[in-house]
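Have a look at the structure below, then the notes.
2 protein chains.
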Amino acid sequence: MTQTPRAPRALVPWAHVADLMDGWPDELPVAVYDGTGEPPPDLSAVRFYVLPYAKPEATALLARMPALEAVQSLSAGVDKLLPRLPPGVVLCNGRGLHDASVAEHALSLILAVLRDIPHWVRRQDDHRWAPHFTRSLAGSRALLIGYGSIGAAVEARLLPFEVEVVRVARRARPGVHGIGELPGLLPDADIVILTLPQTATTTGLLGAEQLAALPDGALVVNVGRGGTIDTAALLDQTASGRLYAALDVVDPEPLPADHPLWRVPGVLITPHVAGGSATFYPRAERLIAEQLRRFADGRPLLNVVDRA
Amino acid sequence: MTQTPRAPRALVPWAHVADLMDGWPDELPVAVYDGTGEPPPDLSAVRFYVLPYAKPEATALLARMPALEAVQSLSAGVDKLLPRLPPGVVLCNGRGLHDASVAEHALSLILAVLRDIPHWVRRQDDHRWAPHFTRSLAGSRALLIGYGSIGAAVEARLLPFEVEVVRVARRARPGVHGIGELPGLLPDADIVILTLPQTATTTGLLGAEQLAALPDGALVVNVGRGGTIDTAALLDQTASGRLYAALDVVDPEPLPADHPLWRVPGVLITPHVAGGSATFYPRAERLIAEQLRRFADGRPLLNVVDRA
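Protein chains in written order, with the numbering used here: chain A, 988 to 1295; chain B, 988 to 1295.
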């Protein structure tokens, strides 16, 4: 933790953001708090708070910031943060920061399941060379549910694999199906990829009926929010061996040790790590530097979330 | 096994190639032999033999084919087949059939290592939700050694991941470095991907000196032939934790159960399965149908290997 001599007016998670700015702005004393250890003692003057990434407990400090004007989240989804935010405070999200990282993880999950990487890892642990031929991604039809910046980043990475991408978003638009068209699209999908935030519309979007509409052997991939899939229904359809799944997000999270989903052979689980890989940090630092400059200059912030 | 009434003049591995041809050519009686079970009893009239894929023992039949004129291999690399082939027999290889499959597997290996898929698989087996943030492919520099059709297919799949690709081939040409330039290129490579056949030039290409030239934390990927890397040197550099590796091919193959490479934490091994995934079969069937038509019509075959 670094402290400026005056009571800080901004709190950011990484000291080296200053390097991108040729030092902190004179008019905005900045302190560093990365979400671990002790926060600066006097938060009464903090006007701009950049929440440490993936440290939900850091929101507790909000109650100690009476001068707070703006909060920068480094997550794309702010569903859990919104209800904890004092009225009148501007909220900015981390839209775009995770696109490359999440899309890369989505492809890692898809390729791992289709090319049997979990199987080879376990055979390696047995020291056993026992080849068999696997499925391929090439020639698949992928149904991309959610077509924001992350969905588009997933699509860009899928296309050179000779994949046909069918786009679905909450609102239909040219080239993108509306979510209401899902019943007609699910029966032809080899792979379904969810990149959705959790909202009233998306919660439980893939339930028993939707999963039953998928063809045998289809792969369900979730890198959005766990609650968009009905976990019990997915467990049914994967435990029977009818569907495969690769999940970076689940409901509930963390997945309890005794949850049966851990043990399904056709399910690959990663613990909500899609967004935070190394490529996220330089992008996040550049956004924080830009937002600090804008805030110090009184210019409009980027990525402001409509709280209405 | 299907047999025609007359002694077969062609032997192919899959019966349903006939569907692509509206039946076998009248002038070329075809039998089916997939490399398992009993071959047709009378091979004396076989002029065209399509070797069953990944069944090296099927080359034993060559000695029973006195009328043989042409052999179609479904592999891209024919290094092991060449010395077993009678002089004067035309050899056609499976160039292009594996591009999509091998390139897809290369990406599966790269992403699995960088995004810690083996670690997550083992944590899943422990039912343990324990996130940590991983490395990324984005922002990496990949040195592609071998720039034939497989190398180009790997490149096409890498580019949307925000990867800088540096191409190296046996002969320098515009946009492609010659293999002699490797010493200057290795120190800047985050990932080295080998897609080389095994020849006198490529054997042991990555030895102790070349591996030592790579930066700390670099990832070595081999989807070509195992002998292009010095296994002992790679074991040294990975067991120390300095380098990572993801290998679909190794030397020796199969890797013996007591080989120390199995146990290196930073090494992911798959048992030579890159080329044979589901997407290979329709491509191979189309090639066989085309070659049978050409052979029956006395037209030149495709993919003829220069045996000089």
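Think of the CB as a built atom: it goes at the ideal place given N, C-alpha and C, for glycine as much as any other residue.
**Study point:** Residue of B/D1284, B/G1024, B/V1236 minimising C-alpha distance to B/P1184
**Key:** Residue 1184 of chain B sits at position 197 when you count from the first residue of the second sequence. That would be B/V1236, whose Cα lies nearest to the Cα of B/P1184.
Check your understanding: What are the partner residues of A/F1035, as DSSP defines its beta bridges?
Key -> Here residue 1035 of chain A corresponds to residue number 48 of the first sequence, with the count starting at 1. BP columns for A/F1035 point to A/A997, A/A1057.
Practice item. May I ask which residues mark the beginning and end of the beta strand (DSSP E) holding B/R1128? Key: If you number the second sequence from 1, residue 1128 of chain B lands on position 141. For B/R1128, the enclosing beta strand (DSSP E) begins and ends at 1128 to 1132.
Review point. Is the beta carbon of A/E1091 sitting closer than 9 Å to the one on B/S1062?
Key: The residue given as residue 1091 of chain A occupies position 104 in the first sequence. The residue given as residue 1062 of chain B occupies position 75 in the second sequence. Contact: no.
Check your understanding: Using a C-beta cutoff of 9 Å, does A/F1282 count as contacting chain B?
Key -> The sequence position of residue 1282 of chain A within the first sequence is 295, counting from 1. Taking Cβ atoms only, chain B never reaches closer than 9 Å to A/F1282, which makes this a no.
Practice item. Select from A/R1273, A/L1279, A/L1289, A/T1257 the residue whose C-alpha is nearest the C-alpha of B/A1117. Key: The residue you call residue 1117 of chain B lines up with position 130 of the second sequence. Cα-wise, what sits closest to B/A1117 is A/T1257.
Practice item. Please report how far the alpha carbon of A/M988 lies from the alpha carbon of A/P1027, in whole angstroms. Key: Translated into the one-based positions of the first sequence, residue 988 of chain A becomes position 1. Translated into the one-based positions of the first sequence, residue 1027 of chain A becomes position 40. For A/M988, the predicted model reports a pLDDT of 48, less than 50, meaning its position is unreliable; a value from the coordinates is still stated below. For the pair A/M988 and A/P1027, the Cα-to-Cα distance works out to about 8 Å.
Exercise for review: Assign A/L1230 to one of two classes, buried (16 or more other C-beta atoms within 10 Å of its C-beta) or exposed (fewer than that).
Suggested key: On the first sequence, position 243 is the one that residue 1230 of chain A refers to. Note on A/L1230: 16 or more other CB atoms within 10 angstroms of its CB, so buried under the neighbour-count rule.
Check your understanding: Can you find at least 3 beta carbon pairs, one from the segment 1124 to 1138 of chain B and one from the segment 1168 to 1188 of chain B, that sit closer than 8 Å?
Key -> In short, these stretches touch, since the Cβ pair count reaches three.
Review point. Three or more beta-carbon pairs under 8 Å between the segment 1067 to 1074 of chain B and the segment 1071 to 1080 of chain A, yes or no?
Key: With a cut-off of 8 Å, the segment 1071 to 1080 of chain A and the segment 1067 to 1074 of chain B do not count as touching, because too few Cβ pairs lie within range.
Review point. Just by C-beta distance, which residues in the segment 1071 to 1090 of chain B are closer than 7 Å to chain A?
Key: The segment 1071 to 1090 of chain B vs chain A, Cβ under 7 Å: A1087, S1088.
Exercise for review: Please list the residues of the segment 1122 to 1155 of chain A that have a C-beta atom closer than 7 Å to any C-beta atom in chain B, keeping them in chain order.
Suggested key: Flagged, chain order: R1122, S1123, L1124, A1125, G1126, A1143, R1144, P1147, F1148, E1149.
Exercise for review: Report the rounded CA-to-CA distance for A/P1170 versus A/N1209, giving the unit in angstroms.
Suggested key: Mapped onto the first sequence, residue 1170 of chain A falls at position 183. Mapped onto the first sequence, residue 1209 of chain A falls at position 222. About 19 Å.
Practice item. Could you name the residues of chain A that B/G1263 contacts, counting a contact when the two beta carbons are closer than 7 Å? Key: Against the second sequence, residue 1263 of chain B aligns to sequence position 276. What B/G1263 touches in chain A: F1120.
Check your understanding: Is it the case that the Cβ atoms of B/V1173 and B/H1164 are separated by a distance below 9 Å?
Key -> In the second sequence, residue 1173 of chain B corresponds to position 186, counting from 1. In the second sequence, residue 1164 of chain B corresponds to position 177, counting from 1. Sequence check: residue 1173 of chain B is Leu here, not Val. No.
Practice item. Under the assumption that A/L1101 contacts A/R1294 (Cβ atoms under 8 Å), give the Cβ distance between them as a whole number of angstroms. Key: As a first step, residue 1101 of chain A is located in the first sequence; it is residue number 114 there, counting from the start. As a first step, residue 1294 of chain A is located in the first sequence; it is residue number 307 there, counting from the start. That pair is no contact at about 41 Å.
Review point. Using the C-alpha atoms, what's the distance from A/H1119 back to B/D1282?
Key: Here the question's residue 1282 of chain B lines up with position 295 in the second sequence. Here the question's residue 1119 of chain A lines up with position 132 in the first sequence. The residue you asked about is not Asp; residue 1282 of chain B is Phe in the sequence shown. If you draw a straight line from the Cα of B/F1282 to the Cα of A/H1119, it is about 32 Å long.
Review point. From B/R1250, B/A1219, B/R1280, B/L998, pick the residue whose C-alpha is nearest to that of A/D1112; which is it?
Key: Here residue 1112 of chain A refers to the residue found at position 125 of the first sequence. Scanning B/R1250, B/A1219, B/R1280, B/L998 for the CA closest to the CA of A/D1112 turns up B/R1250.
Practice item. Using a Cβ-Cβ cut-off of 9 Å, state whether A/D1103 counts as contacting chain B. Key: To locate residue 1103 of chain A, count along the first sequence from 1; it is residue 116. Chain B, which has a Cβ nearer than 9 Å to the Cβ of A/D1103, makes this yes.
**Study point:** Contact belief for B/L1098 with A/S1136 at Cβ below 8 Å, rounded distance in angstroms
**Key:** Here the question's residue 1098 of chain B lines up with position 111 in the second sequence. Here the question's residue 1136 of chain A lines up with position 149 in the first sequence. Your pair B/L1098 and A/S1136 does not check out as a contact, with CB atoms roughly 20 Å apart and the cut at 8 Å.
Review point. Does A/V1179 get closer than 9 Å to chain B when you measure Cβ to Cβ?
Key: For the purposes of this step, residue 1179 of chain A is identified with residue 192 of the first sequence, where counting begins at 1. No, because no Cβ of chain B sits closer than 9 Å to the Cβ of A/V1179.
Practice item. Check the C-beta distance from B/A997 over to B/L1279 and give it rounded, since I have them as a contact under 8 Å. Key: By 1-based counting over the second sequence, the position of residue 997 of chain B is 10. By 1-based counting over the second sequence, the position of residue 1279 of chain B is 292. The pair is a contact, with the Cβ atoms about 6 Å apart (cut-off 8 Å).
Exercise for review: Please list, in chain order, all residues of the same chain as A/Q1369 whose beta carbon is under 7 Å from its beta carbon, the five residues on each side excluded.
Suggested key: Outside the displayed span of chain A (988 to 1295) sits residue 1369 of chain A, for which this structure offers no information.
Check your understanding: How about A/D1238 and A/T1218: are their beta carbons less than 9 Å apart?
Key -> Here residue 1238 of chain A refers to the residue found at position 251 of the first sequence. Here residue 1218 of chain A refers to the residue found at position 231 of the first sequence. The beta carbons of A/D1238 and A/T1218 sit closer together than 9 Å.
Practice item. Note down, in chain order, every chain A residue with its Cβ under 9 Å from the Cβ of B/R1212. Key: By one-based count along the second sequence, residue 1212 of chain B stands at place 225. Around B/R1212, no beta-carbon contact reaches into chain A at under 9 Å, the shortest distance being about 15 Å.
Practice item. Identify the continuous beta strand (DSSP E) that holds B/E1151 and give its terminal residues. Key: The count along the second sequence starts at 1 and reaches residue 1151 of chain B at position 164. For B/E1151, the enclosing beta strand (DSSP E) begins and ends at 1151 to 1156.
Point to revise | Residue of A/R1212, A/V1004, A/T1023 minimising C-alpha distance to A/V1065 | key: Residue mapping note: residue 1065 of chain A aligns to position 78 of the first sequence, counting from 1. The candidate whose alpha carbon is nearest that of A/V1065 is A/R1212.
**Study point:** Length of the line joining the Cα atoms of B/L1192 and A/D1009
**Key:** The residue you call residue 1192 of chain B lines up with position 205 of the second sequence. The residue you call residue 1009 of chain A lines up with position 22 of the first sequence. Going from the Cα of B/L1192 to the Cα of A/D1009 covers about 46 Å.
Exercise for review: Count the other CB atoms, across all protein chains shown, that sit within 10 Å of the CB of B/T1215; report buried if there are 16 or more and exposed otherwise.
Suggested key: For the purposes of this step, residue 1215 of chain B is identified with residue 228 of the second sequence, where counting begins at 1. Buried, since its Cβ has 16 or more Cβ neighbours within 10 Å.
**Study point:** Buried versus exposed, by CB contacts within 10 Å (16 or more), A/T1188
**Key:** Sequence index remark: in the first sequence, residue 1188 of chain A carries index 201 (1-based). Burial is judged here by how many other beta carbons sit within 10 angstroms of a residue's own beta carbon; A/T1188 has fewer than 16 and is exposed.
Review point. Span of the alpha helix (DSSP H) holding B/I1216?
Key: In the second sequence, counting from the first residue as 1, residue 1216 of chain B sits at position 229. No alpha helix (DSSP H) holds B/I1216; DSSP gives it neither H nor E.
Practice item. Compute the Euclidean distance between the alpha carbons of B/V1291 and B/L1084, then round it to the nearest angstrom. Key: Indexing the second sequence from 1 puts residue 1291 of chain B at position 304. Indexing the second sequence from 1 puts residue 1084 of chain B at position 97. Looking at the backbone, the Cα of B/V1291 and that of B/L1084 are separated by about 14 Å.
Point to revise | Residues, ordered as in the chain, of the segment 1049 to 1064 of chain B that lie near chain A by beta-carbon distance below 9 Å | key: Residues of the segment 1049 to 1064 of chain B whose Cβ lies closer than 9 Å to any Cβ of chain A: none.
Review point. Who are the neighbours of B/S1095 on chain A, taking C-beta pairs under 7 Å?
Key: Translated into positions along the second sequence, residue 1095 of chain B becomes position 108. Those within 7 Å of B/S1095 in chain A are L1098, A1099, R1102, I1104.
Exercise for review: Find the residues of chain A that neighbour B/I1216, judging by a C-beta separation of less than 7 Å, and give them in chain order.
Suggested key: Along the second sequence, read from residue 1 onward, the residue named residue 1216 of chain B stands at position 229. The contacting residues do not exist; B/I1216 stays about 17 Å from chain A at best.
**Study point:** For A/A1261, the first and last residue of its enclosing beta strand (DSSP E)
**Key:** In the first sequence, the residue the question calls residue 1261 of chain A occupies position 274. Boundaries for A/A1261: no beta strand (DSSP E) harbours it, and the DSSP string shows neither H nor E there.
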